[in-house]
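Participant: I'd like to ask some things about the structure below.
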Amino acid sequence: MTYSASTHARRTRIVERVLFWVFRLATYFVLACATYIFLDIGIKGSRTVFTSSPPFINVPFLTEPPQTLYVFDYEGKKLTLSDRQFREWQAAHPQAAVEPATVAYSAGGIWPCIVGTALLVIGSMVLALLIGISSAIYLSEYSRNNRWIRLVRIAILNLAGVPSIVFGLFGFGLFVIFFGWNVSLLAGWFTLGLMILPAIITASEESLRAVPQGLREGSLALGATKWQTIRKNVLPYALPGILTSSILGIARVAGETAPIMFTAAYAMRDEMPWNVRHVGDFVFQGVMALPYHIYVVSSKIPQNEYTERVQYGAAFVFLALVMVIALTSIVLRERTRNRLSW
Numbered sequence: 001m002t003y004s005a006s007t008h009a010r011r012t013r014i015v016e017r018v019l020f021w022v023f024r025l026a027t028y029f030v031l032a033c034a035t036y037i038f039l040d041i042g043i044k045g046s047r048t049v050f051t052s053s054p055p056f057i058n059v060p061f062l063t064e065p066p067q068t069l070y071v072f073d074y075e076g077k078k079l080t081l082s083d084r085q086f087r088e089w090q091a092a093h094p095q096a097a098v099e100p101a102t103v104a105y106s107a108g109g110i111w112p113c114i115v116g117t118a119l120l121v122i123g124s125m126v127l128a129l130l131i132g133i134s135s136a137i138y139l140s141e142y143s144r145n146n147r148w149i150r151l152v153r154i155a156i157l158n159l160a161g162v163p164s165i166v167f168g169l170f171g172f173g174l175f176v177i178f179f180g181w182n183v184s185l186l187a188g189w190f191t192l193g194l195m196i197l198p199a200i201i202t203a204s205e206e207s208l209r210a211v212p213q214g215l216r217e218g219s220l221a222l223g224a225t226k227w228q229t230i231r232k233n234v235l236p237y238a239l240p241g242i243l244t245s246s247i248l249g250i251a252r253v254a255g256e257t258a259p260i261m262f263t264a265a266y267a268m269r270d271e272m273p274w275n276v277r278h279v280g281d282f283v284f285q286g287v288m289a290l291p292y293h294i295y296v297v298s299s300k301i302p303q304n305e306y307t308e309r310v311q312y313g314a315a316f317v318f319l320a321l322v323m324v325i326a327l328t329s330i331v332l333r334e335r336t337r338n339r340l341s342w
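For the sequence shown, the numbering used here begins at 1 and goes up steadily by one.
Next up, the structure:
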């Protein structure tokens, strides 16, 4: 009996040790993959974004729109000029006969893409949070746990698994064609907002349910109304969890290409979003966006050293932009969490 018990204990320790290393190696494998991806984009992208001379930042890349690159030889020198620079060069050398090779989107910068991405993320997140939190409040605080509400929750969970391309086609059919919004910021906001609604509703509802029931009962016992209780005693304590869901939503919204390709993004747009005749036209215009720009430069253009520069530079700026927006949500969450306790 003693031998059998000791053998079993030894086998159990071996199994536990093996499982420990399996779980540890799986975690380190994920970390190694993420590190490689970020280092690859960071090293190659930083060569485009940063320079070795003052101001140490490639200002034209961050402040100019994309342009066509002209590559040609002239008097034994290889020249690489943007579309605007090439026109100026031609004006200065009217007698020069050159046949340049052109590479689309490989000169200039990505400023319209940065602006378009920020507008899409902020607009869709505001829309999704307003609708999502309202839905979560109803499901958590007002609804009864009957068959209909259970079906609604199942439908929300099923929507979370729908591929983004389906949401893109849905937004194209409903907002772009049926509502007549065309390819515009408004169509992109609603499409992206609906796409991340399931995650925000589910996370927000769980955060609301995690608030102790005693806070609600105490507020109601003191004469507060249902809405006053929710607004003063429930929502503030659930806010950190809601902000966590918004961080996850930002990461998904910012990286989606298929939905905005159908509803909001142009491959090339010269005018900035605020260059409109009427204020109301602002939301009814399409924009450039970093995910779609990276897709176009990576898949629609013959690859060479010039396109690689734009690809990695745009990806580097894209990750930095998403990180800044996500860090803002994290800071707000931590500040709210530190102020509240129960």
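Virtual Cβ for every residue (Gly too), placed ideally from N, Cα, C.
Taking Cβ positions, are Gly-171 and Thr-263 nearer each other than 8 angstroms?
Facilitator: The answer is yes: Cβ separation under 8 angstroms.
Participant: I'd like to check one pair, Tyr-312 with Lys-44: are the Cβ atoms closer than 8 angstroms?
Facilitator: Contact: yes.
Participant: What's the C-alpha gap between Ile-301 and Thr-229?
Facilitator: In a straight line, the C-alpha of Ile-301 is about 57 angstroms away from that of Thr-229.
Participant: Between the C-alpha atoms of Pro-259 and Gln-213, what's the straight-line distance to the nearest angstrom?
Facilitator: Cα to Cα, Pro-259 sits roughly 40 angstroms from Gln-213.
Participant: Measure how close the beta-carbons of Thr-63 and Gly-109 come, nearest whole angstrom, since I'm counting them as under 8 angstroms.
Facilitator: Confirmed, Cβ separation roughly 6 angstroms.
Participant: Please classify Val-287: does DSSP put it in a helix, a strand, or coil?
Facilitator: The answer is strand: DSSP assigns Val-287 an E or B state.
Participant: Going by the CB atoms, is the gap between Ser-204 and Gly-132 shorter than 8 angstroms?
Facilitator: Closer than 8 angstroms, so yes.
Participant: Starting from Ile-301, follow its DSSP beta bridges and name the residues at the other end.
Facilitator: In the DSSP output, where bridge partners are listed per residue, Ile-301 has none listed.
Participant: Buried or exposed for Thr-117, going by 16 or more other Cβ atoms inside 10 Å?
Facilitator: With 16 or more other Cβ atoms within 10 Å, it is buried.
Participant: Drop a sphere of 10 angstroms on the beta-carbon of Trp-181, count the other beta-carbons inside from all chains shown, and report buried for 16 or more, exposed for fewer.
Facilitator: It counts as buried.
Participant: Out of Ser-134, Asp-40, Phe-20, Leu-197, point me to the one whose CA is closest to Trp-227's CA.
Facilitator: Looking at the Cα atoms, Ser-134 is the closest of the given residues.
Participant: Measuring straight from C-alpha to C-alpha, what distance separates Val-316 and Pro-66?
Facilitator: Before going on, a small fix: residue 316 reads as Phe here, not Val. Going by the C-alpha atoms only, they are around 16 angstroms apart.
Participant: Cα separation between His-8 and Arg-24?
Facilitator: If I take the Cα positions, the gap works out to 24 angstroms.
Participant: If distances are taken between C-alpha atoms only, which option among Leu-208, Leu-39, Phe-38 comes closest to Val-235?
Facilitator: With the sequence shown as reference, residue 235 is identified as Leu, and Val is not the correct amino acid for it. Selected option, being the one with the closest Cα: Leu-208.
Participant: May I ask you to report which of helix, strand or coil DSSP gives Gly-249?
Facilitator: Helix, per DSSP.
Participant: Give me the residue from Leu-332, Val-253, Trp-111 with the minimum Cα distance to Met-272.
Facilitator: Comparing Cα-Cα distances from Met-272 to each of Leu-332, Val-253, Trp-111, the minimum goes to Trp-111.
Participant: I need the boundaries of the beta strand (DSSP E) containing Gly-108, first residue and last residue.
Facilitator: Here the beta strand (DSSP E) through Gly-108 covers 101-108.
Participant: Is the separation between the beta-carbon of Phe-167 and that of Thr-191 shorter than 8 angstroms?
Facilitator: Yes. Within cutoff.
Participant: Going by the beta-carbon positions, is the gap between Ala-101 and Val-71 smaller than 8 angstroms?
Facilitator: Their beta carbons are under 8 angstroms apart, which means Ala-101 touches Val-71 by this criterion.
Participant: Mark His-343 as exposed unless 16 or more other C-beta atoms lie within 10 angstroms of its C-beta, in which case mark it buried.
Facilitator: Any property of residue 343 remains undetermined from this structure, which presents the chain solely from 1 to 342.
Participant: For Ser-91, count neighbouring Cβ atoms within 10 angstroms of its own Cβ and tell me buried if that reaches 16, exposed if not.
Facilitator: Inspection of the sequence shows that residue 91 is occupied by Ala rather than by Ser. It counts as exposed.
Participant: Using the rule of at least 16 other Cβ atoms within 10 Å of the residue's Cβ for burial, across every protein chain shown, is His-293 buried or exposed?
Facilitator: Counting Cβ neighbours within 10 Å, His-293 comes out buried, since at least 16 surround it.
Participant: According to DSSP, is Met-1 part of a helix, a strand, or is it coil?
Facilitator: Residue placement at Met-1 is poorly supported in this model, since its pLDDT is 49, which falls under 50; the coordinates still yield a value, given next. In the structure shown, Met-1 sits in coil (DSSP, three-state: anything other than H, G, I, E or B).
Participant: Contact check, Ala-160 vs Ala-199 under 8 angstroms by CB: the rounded distance?
Facilitator: Their Cβ separation, rounded to whole angstroms, is 6 angstroms, which keeps Ala-160 and Ala-199 in contact under 8 angstroms.
Participant: Buried or exposed for Gln-285, please, with buried defined as at least 16 other CB atoms from any protein chain shown within 10 angstroms of its CB.
Facilitator: Buried.
Participant: Quick check: the Cα distance between Asn-146 and Ile-196, rounded to an integer number of angstroms?
Facilitator: Going from the Cα of Asn-146 to the Cα of Ile-196 covers about 25 angstroms.
Participant: How far does the beta strand (DSSP E) with Phe-72 in it reach, from first residue to last?
Facilitator: It spans 66-74 - the beta strand (DSSP E) in which Phe-72 sits, taken as one unbroken run.
Participant: With a floor of 3 residues, list each beta strand (DSSP E) that falls wholly inside the stretch 192-225, ordered by position along the chain.
Facilitator: Counting whole runs of 3 or more residues, the stretch 192-225 contains no beta strand (DSSP E) stretch at all.
Participant: How many angstroms separate the CA atom of Ser-46 from the CA atom of Ser-329?
Facilitator: Straight-line Cα distance between these residues: approximately 25 angstroms.
Participant: At the level of alpha carbons, what is the spacing between Tyr-306 and Ser-106?
Facilitator: Taking the straight line joining both Cα atoms gives about 6 angstroms.
Participant: Using the beta-carbon count (16 or more within 10 Å), is Ser-22 buried or exposed?
Facilitator: The sequence shown places Val at residue 22, not Ser. Per the 10 Å Cβ criterion, exposed.
Participant: Using beta-carbon positions only, say whether Met-288 and Arg-309 come within less than 8 angstroms of one another.
Facilitator: In this structure, Arg-309 does not lie closer than 8 angstroms to Met-288 by Cβ.
Participant: Under a Cβ-count criterion, where at least 16 other Cβ atoms within 10 Å of its own Cβ denotes burial, should Leu-151 be classed as buried or exposed?
Facilitator: It counts as exposed.
Participant: To the nearest angstrom, report how far apart Met-323 and Gly-42 are at their CA atoms.
Facilitator: When rounded, the distance between both Cα atoms is 13 angstroms.
Participant: When burial is assigned at 16 or more other CB atoms within 10 Å of the CB, is Thr-428 buried or exposed?
Facilitator: Nothing in the structure corresponds to residue 428, since the chain is present only between 1 and 342.
Participant: Suppose the cutoff is 6 angstroms on Cβ atoms and the five residues either side in sequence are ignored; what does the same chain contact list for Asp-83 look like?
Facilitator: Around Asp-83: Gln-67, Thr-68.
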